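Asks: Residue numbering for the sequence shown follows my numbering, starting at 467 and increasing by one per position.
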Amino acid sequence: MQLFSTFENHIYLEMAISTLEKKGILKENIFAVPLDNRLEESKLFDTIHRSDGTSIIDIGMALATAFSVIGASIGFKLEWGPIYWGLIGAFIGFLIGFVIRLFIEKVFKKRERVLKGKHSEVILIIDCDETQAEFVENVLFRHFALGVAKIK
467 MQLFSTFENH
477 IYLEMAISTL
487 EKKGILKENI
497 FAVPLDNRLE
507 ESKLFDTIHR
517 SDGTSIIDIG
527 MALATAFSVI
537 GASIGFKLEW
547 GPIYWGLIGA
557 FIGFLIGFVI
567 RLFIEKVFKK
577 RERVLKGKHS
587 EVILIIDCDE
597 TQAEFVENVL
607 FRHFALGVAK
617 IK
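See the structure below:
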(Lines of atoms letter the chains of each structure in order from A and count residues from 1; the text may use other names and numbers.)
(Lines give C-alpha, C1' and ligand atoms only; values in the text may rest on other atoms or scores of the structure.)
Protein backbone atom coordinates (compact mmCIF):
# COMPACT_ATOMS: atom_id res chain seq x y z
CA MET A 1 0.00 0.00 0.00
CA GLN A 2 1.21 3.52 -0.75
CA LEU A 3 0.37 6.65 1.18
CA PHE A 4 0.84 10.08 -0.36
CA SER A 5 0.90 13.18 1.80
CA THR A 6 1.75 16.82 1.32
CA PHE A 7 3.58 19.01 3.81
CA GLU A 8 4.92 22.48 4.15
CA ASN A 9 8.71 22.41 4.38
CA HIS A 10 8.86 22.46 8.17
CA ILE A 11 10.47 20.62 11.08
CA TYR A 12 7.27 18.57 11.46
CA LEU A 13 8.07 16.82 8.18
CA GLU A 14 11.42 15.70 9.56
CA MET A 15 9.78 14.59 12.79
CA ALA A 16 7.19 12.55 10.88
CA ILE A 17 9.90 10.80 8.85
CA SER A 18 11.96 9.99 11.93
CA THR A 19 8.86 8.71 13.79
CA LEU A 20 8.02 6.42 10.88
CA GLU A 21 11.59 5.11 10.74
CA LYS A 22 11.54 4.39 14.49
CA LYS A 23 8.27 2.45 14.12
CA GLY A 24 9.62 0.07 11.49
CA ILE A 25 9.14 1.75 8.12
CA LEU A 26 12.37 1.29 6.17
CA LYS A 27 14.23 4.30 4.85
CA GLU A 28 13.99 2.85 1.34
CA ASN A 29 10.18 2.93 1.58
CA ILE A 30 10.01 6.68 2.34
CA PHE A 31 10.35 9.05 -0.59
CA ALA A 32 10.19 12.85 -0.23
CA VAL A 33 9.79 15.05 -3.32
CA PRO A 34 10.22 18.83 -3.00
CA LEU A 35 7.91 20.96 -5.13
CA ASP A 36 8.67 24.20 -6.91
CA ASN A 37 5.86 26.59 -6.05
CA ARG A 38 4.61 28.81 -8.81
CA LEU A 39 5.12 32.53 -8.52
CA GLU A 40 2.30 34.53 -10.00
CA GLU A 41 3.18 37.68 -11.81
CA SER A 42 1.21 40.63 -10.63
CA LYS A 43 -1.53 41.38 -13.13
CA LEU A 44 -3.11 44.77 -13.06
CA PHE A 45 -6.59 43.87 -14.21
CA ASP A 46 -8.70 41.16 -12.61
CA THR A 47 -10.88 38.79 -14.57
CA ILE A 48 -14.14 37.11 -13.68
CA HIS A 49 -12.25 33.94 -12.78
CA ARG A 50 -9.26 35.39 -10.91
CA SER A 51 -8.86 38.28 -8.51
CA ASP A 52 -5.89 39.21 -6.35
CA GLY A 53 -7.90 41.28 -3.88
CA THR A 54 -6.45 44.67 -4.79
CA SER A 55 -8.50 47.36 -6.48
CA ILE A 56 -7.17 49.80 -9.03
CA ILE A 57 -10.15 52.12 -8.98
CA ASP A 58 -10.46 52.76 -5.23
CA ILE A 59 -8.42 55.97 -5.17
CA GLY A 60 -10.05 57.05 -8.45
CA MET A 61 -13.55 56.71 -6.99
CA ALA A 62 -12.63 58.65 -3.86
CA LEU A 63 -11.06 61.46 -5.86
CA ALA A 64 -13.97 61.45 -8.33
CA THR A 65 -16.37 62.02 -5.46
CA ALA A 66 -14.26 64.82 -3.98
CA PHE A 67 -13.66 66.54 -7.32
CA SER A 68 -17.32 66.29 -8.34
CA VAL A 69 -18.40 68.01 -5.13
CA ILE A 70 -15.83 70.75 -5.68
CA GLY A 71 -16.77 71.05 -9.36
CA ALA A 72 -20.48 71.27 -8.58
CA SER A 73 -19.84 73.89 -5.90
CA ILE A 74 -17.75 76.03 -8.22
CA GLY A 75 -20.13 75.35 -11.11
CA PHE A 76 -22.80 77.61 -9.61
CA LYS A 77 -20.60 80.57 -10.53
CA LEU A 78 -19.42 79.29 -13.92
CA GLU A 79 -21.18 79.34 -17.26
CA TRP A 80 -22.03 75.64 -17.78
CA GLY A 81 -23.59 75.18 -14.37
CA PRO A 82 -23.05 72.77 -11.49
CA ILE A 83 -24.07 69.54 -13.25
CA TYR A 84 -21.57 69.78 -16.08
CA TRP A 85 -18.77 70.97 -13.81
CA GLY A 86 -19.58 68.22 -11.30
CA LEU A 87 -19.27 65.61 -14.08
CA ILE A 88 -16.06 67.17 -15.36
CA GLY A 89 -14.66 67.19 -11.82
CA ALA A 90 -15.63 63.54 -11.32
CA PHE A 91 -13.95 62.53 -14.58
CA ILE A 92 -10.75 64.45 -13.76
CA GLY A 93 -10.67 63.10 -10.19
CA PHE A 94 -11.15 59.52 -11.40
CA LEU A 95 -8.34 59.87 -13.95
CA ILE A 96 -5.96 61.34 -11.37
CA GLY A 97 -6.75 58.58 -8.85
CA PHE A 98 -6.46 55.85 -11.49
CA VAL A 99 -3.06 57.15 -12.61
CA ILE A 100 -1.87 57.34 -8.99
CA ARG A 101 -2.92 53.73 -8.29
CA LEU A 102 -1.45 52.52 -11.59
CA PHE A 103 1.85 54.22 -10.71
CA ILE A 104 1.86 52.63 -7.24
CA GLU A 105 1.16 49.15 -8.62
CA LYS A 106 3.70 49.38 -11.44
CA VAL A 107 6.57 51.07 -9.59
CA PHE A 108 6.31 50.22 -5.91
CA LYS A 109 4.71 46.78 -6.09
CA LYS A 110 6.72 45.59 -9.06
CA ARG A 111 7.92 42.37 -7.43
CA GLU A 112 6.34 39.02 -8.13
CA ARG A 113 3.94 37.84 -5.47
CA VAL A 114 3.94 34.40 -3.93
CA LEU A 115 0.56 32.72 -3.87
CA LYS A 116 -1.16 33.47 -0.58
CA GLY A 117 -2.16 30.94 2.04
CA LYS A 118 -0.77 27.54 2.93
CA HIS A 119 0.68 25.63 0.04
CA SER A 120 2.36 22.27 -0.33
CA GLU A 121 6.12 22.24 -0.58
CA VAL A 122 6.91 18.53 -0.19
CA ILE A 123 5.16 15.34 -1.27
CA LEU A 124 5.91 12.37 0.98
CA ILE A 125 5.35 8.89 -0.50
CA ILE A 126 5.42 5.93 1.88
CA ASP A 127 5.27 2.23 0.96
CA CYS A 128 3.90 0.10 3.79
CA ASP A 129 1.74 -2.91 4.60
CA GLU A 130 -2.02 -2.54 4.90
CA THR A 131 -1.71 -3.28 8.61
CA GLN A 132 0.55 -0.24 9.08
CA ALA A 133 -1.50 2.14 6.92
CA GLU A 134 -3.75 3.42 9.71
CA PHE A 135 -0.77 4.07 11.98
CA VAL A 136 1.18 5.84 9.22
CA GLU A 137 -1.82 8.02 8.39
CA ASN A 138 -2.22 9.01 12.04
CA VAL A 139 1.48 9.86 12.32
CA LEU A 140 1.28 12.05 9.20
CA PHE A 141 -1.78 13.95 10.43
CA ARG A 142 -0.26 14.38 13.92
CA HIS A 143 2.70 16.04 12.24
CA PHE A 144 0.47 18.50 10.33
CA ALA A 145 0.22 16.94 6.89
CA LEU A 146 -1.88 19.13 4.61
CA GLY A 147 -3.46 16.07 2.99
CA VAL A 148 -3.10 12.27 2.88
CA ALA A 149 -4.22 9.77 0.20
CA LYS A 150 -4.07 5.95 0.27
CA ILE A 151 -3.62 3.67 -2.74
CA LYS A 152 -3.77 -0.12 -2.53
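We put the CB at the ideal spot given by N, CA and C, even for glycine.
These numbers come from a predicted model, not from an experiment.
So, is H476 buried or exposed, given that buried needs 16 or more other C-beta atoms within 10 angstroms?
Replies: Flag for H476 reads exposed.
Asks: Using DSSP with H/G/I as helix, E/B as strand and the rest coil, what is T425?
Replies: Since the displayed the chain opens at 467 and closes at 618, residue 425 lies outside it and no answer follows.
Asks: Output the distance between the C-alpha atoms of G559 and L553, rounded to the nearest integer angstrom.
Replies: Distance between the alpha carbons of G559 and L553 is about 10 angstroms.
Asks: Roughly how far, in whole angstroms, is the beta-carbon of L501 from the beta-carbon of V614, given that I think they are within contact range, below 8 angstroms?
Replies: L501 to V614, Cβ: 16 angstroms. No contact.
Asks: Count Cβ pairs between the segment 475-489 and the segment 532-540 that sit closer than 8 angstroms; are there 3 or more?
Replies: Touching, no.
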